[in-house]
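In case it helps, the UniProt record's numbering puts the sequence shown at residues 1 to 112. Glycine included, each C-beta is placed from N, C-alpha and C at the ideal position.
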Amino acid sequence: MKKIEAIIRKSKFDEVKKALHQIEVNFFSYWDVTGVGNEKQGHVYRGISYSTTDIQRRYLVIVVSDDFLDKTVSTILEIASTGNVGDGKIFVSDVLDAYRIRTKENGHAGIN
1 MKKIEAIIRK SKFDEVKKAL HQIEVNFFSY WDVTGVGNEK QGHVYRGISY STTDIQRRYL
61 VIVVSDDFLD KTVSTILEIA STGNVGDGKI FVSDVLDAYR IRTKENGHAG IN
């Protein structure tokens, strides 16, 4: 099993969520987060300068079986991308085990 942690634009969240459901990734957790990005200069909109150092994003945590990893990451990469600085990041790590508290199932049965 793998844990996918994705930090994406809030404006792309609904599209990503819909696409994940379409590939049968139906359970994940998410939070609103604030991060600090690499871009150092602010943006000017209608004569007002806005700081872009503190960036509002959505943080998704998804645990999938190994055979769903590539499909899940590809979907996030495709849907969350705008081609601009600040599209986000994806991190993948191993999960040793997962347990469903209600039924006490573990492993793949614990996440499906």
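- The beta carbon of D94 lies closer than 8 angstroms to those of M1, K2, K3 in the same chain, with the five residues before and after it left out.
- The three-state reading of DSSP puts V85 in coil, since its state is none of H, G, I, E or B.
- Ranking G35, D66, G47, D70 by CA distance to the CA of D54 puts G35 first.
- DSSP places L96 in the coil class of the three-state scheme, outside both helix and strand.
- In this structure, T72 and V25 form a Cβ contact; the two beta carbons are roughly 6 angstroms apart against a cut-off of 8 angstroms.
- With respect to E5, L60 sits close: the two C-beta atoms are nearer than 9 angstroms.
- Residue environment analysis places G47 among the exposed positions, since fewer than 16 neighbouring C-beta atoms fall within 10 angstroms of its C-beta.
- Leaving aside the five residues that flank K10 on each side, the residues in its chain whose CB is nearer than 8 angstroms to its CB run, in chain order, D32, Q56, R57, R58.
- If you compare the alpha carbons of S65, T75, E105 with that of I23, the shortest gap goes to T75.
- T75 sits in a helix when the DSSP states are folded into three classes.
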